[in-house]
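Residue numbers (this note's numbering): 20 to 503.
All residues carry an ideal CB built from backbone N, CA and C; glycine is no exception.
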Amino acid sequence: MGAPLTLPELESLQATMNHALDAVRDEIKRNKLPELSNYATEPHPLDNPAFVCPSRLYEARRLALATIGQLKSLLQQPYEKVVEQSCAVYDTAALDIFVKTGVIDRLADHSTPPEGLHVQELQKQFDLDAVKLAVILRYLASQGWLHETREGVFALTRPALELRKGNNGRKWILTPGKPKVAQSLLTQITHPEWKYSRQPDQTAFQLANDTPLTLFAWMKQRPDELTQWASSVQSLGDAYHSAIINDFPWRRWDGRTFIDCGGGQGNLSISLSEILPTSFFVVQDLPEVMPIAQANIERRAPAAAHEGRIAHEPVNFFEVQPRVGENHVYLLRYILHDWPDHACIAILKNITRVAPPSARFVIIEVISKPNTTSASDRHLEETVTLDDLVSVPHHVALTPPAYIPANFGVTAKMSLALGVHMMGVFNALERSMREWKTLLGKAGLRVVHVHTLRGMVSAIECEPVAAHAHVGHVGHIVGGKESH
Ligand SMILES: C[S@@+](CC[C@H](N)C(=O)[O-])C[C@H]1O[C@@H](n2cnc3c(N)ncnc32)[C@H](O)[C@@H]1O
20 MGAPLTLPEL
30 ESLQATMNHA
40 LDAVRDEIKR
50 NKLPELSNYA
60 TEPHPLDNPA
70 FVCPSRLYEA
80 RRLALATIGQ
90 LKSLLQQPYE
100 KVVEQSCAVY
110 DTAALDIFVK
120 TGVIDRLADH
130 STPPEGLHVQ
140 ELQKQFDLDA
150 VKLAVILRYL
160 ASQGWLHETR
170 EGVFALTRPA
180 LELRKGNNGR
190 KWILTPGKPK
200 VAQSLLTQIT
210 HPEWKYSRQP
220 DQTAFQLAND
230 TPLTLFAWMK
240 QRPDELTQWA
250 SSVQSLGDAY
260 HSAIINDFPW
270 RRWDGRTFID
280 CGGGQGNLSI
290 SLSEILPTSF
300 FVVQDLPEVM
310 PIAQANIERR
320 APAAAHEGRI
330 AHEPVNFFEV
340 QPRVGENHVY
350 LLRYILHDWP
360 DHACIAILKN
370 ITRVAPPSAR
380 FVIIEVISKP
390 NTTSASDRHL
400 EETVTLDDLV
410 SVPHHVALTP
420 PAYIPANFGV
430 TAKMSLALGV
440 HMMGVFNALE
450 RSMREWKTLL
460 GKAGLRVVHV
470 HTLRGMVSAI
480 ECEPVAAHAH
490 VGHVGHIVGG
500 KESH
């Protein structure tokens, strides 16, 4: 039995909504930020991933969005919810059309008048049927990407600015593959031989692409796909840049050596090198990623690259970690969510088996929370409210009030969607804290502290339980596949 119902749902959600929106408005004023507007032609400071969002504003916005999600479920006709959600594939298709036809770029062009362009104008320019374009653009307008200033005339909204060339949203959307994986997901989870598999080469990805290869082996043969994929990973890293830099106490470790395991293009090391001027960084990844990493490091951190403060080297994390020394810090960002448990344990043991007790590990990943919802307000002593967050120096997470899920409902959709994708591509998952603790314990690590960040991810700081005491049997891992 859950907690007794103490508050009527609609009344409670309305009160929460008012409280959250009052706090958003108060914080905008307090921090002298511009008013929020969907009609703005420039991004708002809150849209910039480098902006350090005040804790209360961050949590008030999260609470407002979670409440909107709960209210929508409460009020929407269930049949309409079914149809709307089953048609969500057209969200992806319409966004794809918007970007890949170039219509977004035409509407973003400085020569476009503020009221936007008529679909007939777009037909002339792109040789695309105005009637069909209107169907797509009006659908996008209903999702908040466009506003229809007059019938058939469309202009970009503020969120759509993220889809302009060079922006992270654009990089993400141009990386293909998800619809194909989604189509094969049902076959994966009902597959007679694979349904209980935890192998990264027995997933929807292999079914969809008719290949026996894992994603990484498959991309090795397709350098263009690898470069595009790396840019989408970079966009995901950028999205939480300021949270990672500001909400984790990195500066106490200046002077140490950081090993960025599976560091990709090296963006985390590059960002850290800017705030840790006497530290040394080694970006490790697969050999085929080295040219991309080198070019990126030289472009984004020329001085550090020149001084040799950021090195890069090919290292397969399924082999023993070659970089070992006192006080080394091993960074693993968005690595373990790509792998099933046995592979994660192998990756970590390849470090813990050689690292001294002074080594530290920082695992930057989603910590998945359950969707549990309480119908009563929490006990006072456990509760953090928006009022407690006024001008706090360090970020503290809000306690969800009545009828708001522990994971803040719809605000967790992005991380849960990525979890579905990880399952469909690698037989992996986004893990809960309980799952993280079990997995890290099996790899010989103890959690020292979990740092809550103002973003989708958290930073789990760990230390080796006891040097060299946890080697044990790790199985033999070939490209993440366990064989005995
Ligand atoms: C999701 S990306 C994360 C990149 C980077 N840590 C970041 O946060 O931007 C995963 C990375 O793991 C790398 N990787 C995959 N298999 C690997 C292996 N066996 N050894 C080393 N790196 C590997 C990929 O090439 C990729 O760069």
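{"Asked": "Could you tell me the distance, in whole angstroms, from the CA atom of residue 53 to the CA atom of residue 472?", "Found": "24 Å"}
{"Asked": "Can you look up residue 363 in the DSSP assignment and give me helix, strand or coil?", "Found": "helix"}
{"Asked": "At 4 residues or longer, what runs of the alpha helix (DSSP H) sit wholly inside the segment 177–203?", "Found": "187–192"}
{"Asked": "Can you tell me whether residue 144 is buried or exposed, with buried defined as 16 or more other CB within 10 angstroms of its CB?", "Found": "exposed"}
{"Asked": "Between the C-alpha atoms of residue 188 and residue 181, what's the straight-line distance to the nearest angstrom?", "Found": "5 Å"}
{"Asked": "Go through its chain and collect everything with a Cβ distance to residue 304's Cβ below 8 Å, but skip five positions before and after it.", "Found": "281, 282, 283, 312, 331, 333 and 334"}
{"Asked": "Terminal residues of the continuous alpha helix (DSSP H) containing residue 252?", "Found": "242–258"}
{"Asked": "Look up residue 216 in the DSSP assignment and say whether it is helix, strand or coil.", "Found": "coil"}
{"Asked": "Is it buried or exposed, residue 205, if we count other Cβ atoms within 10 angstroms and call 16 or more buried?", "Found": "exposed"}
{"Asked": "With H, G and I counted as helix, E and B as strand and the rest as coil, what does DSSP make of residue 336?", "Found": "coil"}
{"Asked": "Using a 10 Å radius around the Cβ and a threshold of 16 neighbouring Cβ atoms, would you call residue 346 buried or exposed?", "Found": "exposed"}
{"Asked": "Which residue wins for smallest C-alpha separation from residue 271, given the options 256, 163 and 291?", "Found": "291"}
{"Asked": "What are the partner residues of residue 483, as DSSP defines its beta bridges?", "Found": "464"}
{"Asked": "So what's residue 49 in DSSP terms, helix, strand or just coil?", "Found": "helix"}
{"Asked": "When the distance is taken between beta carbons, is residue 382 closer than 7 Å to residue 263?", "Found": "no"}
{"Asked": "Considering only the alpha carbon of each residue, which of 234, 215, 207 and 230 lies closest to residue 223?", "Found": "207"}
{"Asked": "I need the DSSP call for residue 307, collapsed to helix, strand or coil.", "Found": "helix"}
{"Asked": "Which residues does DSSP list as the beta-bridge partners of residue 93?", "Found": "None, per the DSSP bridge assignment."}
{"Asked": "In whole angstroms, what separates the C-alpha of residue 310 from that of residue 74?", "Found": "39 Å"}
{"Asked": "For residue 391 and residue 426, what's the separation of their Cα atoms in angstroms?", "Found": "8 Å"}
{"Asked": "So what does DSSP say about residue 210, is it helix, strand or coil?", "Found": "coil"}
{"Asked": "Assess, as a yes-or-no matter, whether the segment 437–448 is touched by the segment 211–226 under the definition of 3 or more beta carbon pairs within less than 8 Å.", "Found": "yes"}
{"Asked": "Once the 5 residues before and after residue 415 are set aside, which same chain residues still bring their CB inside 7 Å of it?", "Found": "74, 403 and 408"}
{"Asked": "From the DSSP output, in three-state form, read off residue 316 for me.", "Found": "helix"}
{"Asked": "Just to confirm the assignment, what range does the beta strand (DSSP E) spanning residue 13 have?", "Found": "Shown here, the chain extends from 20 to 503; a query on residue 13 therefore has no answer."}
{"Asked": "For residue 304, verify whether its CB is less than 6 Å away from any heavy atom of ligand 1.", "Found": "yes"}
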